[in-house]
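In this text, residue positions in the sequence shown follow numbering that gives the first Met the number 0: the first is 0, and each later residue adds one.
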Amino acid sequence: MSDNPVDAVTLTVGDYSIVVGTPPPDLLAHYLAHARLVDDFPATDNRLSVGYCYVAIGTGDWPELVVTQHFGPAGTGFTPGVLFVPDTTALFIGAGSRLLGYRRDSAGEWRPIFVDEADLGFWAWRQYGNVVLMSAELELAAWSTSGAKLWATFVEPPWSYRLVGEEIHLDVMGKHTAFNKHTGPSGESPTAE
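Put into C-alpha cells, the structure is as follows:
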C-alpha cells in the first residue's frame with residue numbers, strides 16, 4: 000500500500016473483496032449504511048494519532064465489515080497492514096500500535112476476536128502455515144490463523160527473523176535464538192482454540 004493519502008487498494012481473495020485506504024472514502028456513508036458491523040476508533044488526544052485508515056470487506060456489492068481508525072505512530076515505517084486468511088475467514092489489521100482481529104462466522108456475521116496493542120508501533124503481518132506472525136518496533140508475536148494469540152516476545156532494533164521449517168530464527172542486536180513458531184521462546188504449548 001502506498002503512503003499517498005489519495006490511494007485506496009481493492010484486493011480480491013476468493014469470494015471476498017477487501018478495500019484498504021488511508022483517506023476516508025467518498026462512499027464511506029454508503030459503506031457504513033450497508034455494513035453489518037462497523038468499528039470506529041476515533042482520534043485521541045495523543046499527538047501520535049496522526050494516521051487514518053479504513054478496511055472494508057465483504058462478499059457482495061457492499062462491505063459487510065467496515066473498520067475506520069485514527070492511529071499512531073504513523074508515517075515512514077509505520078503503515079497500516081492487513082492479512083486475510085480465507086480458510087478461517089479471519090481478518091488481521093494493524094495500524095500504529097493498534098492490532099485488531101475479526102472473524103466471519105458460519106451465519107455470515109463478522110465478530111471482533113481481539114483488540115491488542117503492538118509494542119511501540121506495528122510493522123507487518125506474515126502467515127506461515129497455521130501461524131500468523133506480527134512484527135512491531137519492539138515486539139514479535141504469533142496468533143493462530145483463527146485469531147487466538149499464541150505468544151509474544153520483546154525485541155529491540157535492529158532485529159529480524161526468518162523461518163526455517165517450523166522454527167523461527169530470531170536475531171536481536173546480533174544475539175541469535177531459535178524456537179518453535181507455535182510455542183514461542185518460552186516453549187509452552189499454545190492456548191487451545
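Where a beta carbon is used, it is the ideal one built from N, C-alpha and C, also for glycine.
Bear in mind the structure is a predicted one, so any value in this text is a computation, not a measurement.
query                                                                                                                                                                      : result
Tyr127 to Val163, Cα distance in whole Å?                                                                                                                                  : 11 Å
May I ask you to list the residues that DSSP assigns as paired with Asp115?                                                                                                : Leu98
Rounded to whole angstroms, what is the Cα-Cα separation between Leu149 and Ala140?                                                                                        : 8 Å
Shortest alpha-carbon distance to Ala42 belongs to which of Trp122, Ala94, Asp104, His29?                                                                                  : Ala94
Are Ser134 and Trp122 touching if we call contact CB-CB under 7 Å?                                                                                                         : yes
Excluding the 5 residues preceding and the 5 following Glu138 in the sequence, name in chain order all residues of the same chain whose CB lies nearer than 8 Å to its CB. : Ala117, Asp118, Leu119, Ala151, Thr152, Phe153, Val154
Trp124 and Leu36 - do their beta-carbons sit closer together than 7 Å?                                                                                                     : no
Could you please give the first and the last residue of the uninterrupted beta strand (DSSP E) stretch that includes Leu31?                                                : First-last for Leu31: 27-33, but that is the alpha helix (DSSP H), not the beta strand (DSSP E).
Nearest to Thr78 by alpha carbon, out of Ser145, Glu136, Ile112?                                                                                                           : Glu136
Given this structure, state the Cα-to-Cα distance separating Thr87 from Ile167, to the nearest angstrom.                                                                   : 23 Å
Rounded to a whole number of angstroms, what is the C-alpha to C-alpha distance between Val171 and Ala147?                                                                 : 25 Å
Contact check, Ile56 vs Ile17 under 8 Å by CB: the rounded distance?                                                                                                       : 5 Å
Near Ala73, which residues of its chain fall below 7 Å by C-beta distance, leaving aside the five closest residues on each side in sequence?                               : Val49, Gly50, Gly95
With DSSP as the reference, label Glu136 as helix, strand or coil.                                                                                                         : coil
Let's see if you can read the secondary structure: which residues bound the beta strand (DSSP E) around Thr67?                                                             : 64-70
Cα separation between Val65 and Tyr160?                                                                                                                                    : 32 Å
Below 7 Å CB to CB, which residues in the same chain sit around Glu165 once its five sequence neighbours on both sides are set aside?                                      : Asn179, Lys180
For Trp61, collect the residues of the same chain with a Cβ closer than 8 Å to its Cβ; drop the 5 residues on either side in sequence, then sort them by chain order.      : His29, Tyr30, His33, Ala34
Roughly how many whole angstroms lie between the Cα atoms of Thr176 and Pro23?                                                                                             : 42 Å
Out of curiosity, what's the CA-to-CA distance linking Arg97 and Asp115?                                                                                                   : 6 Å
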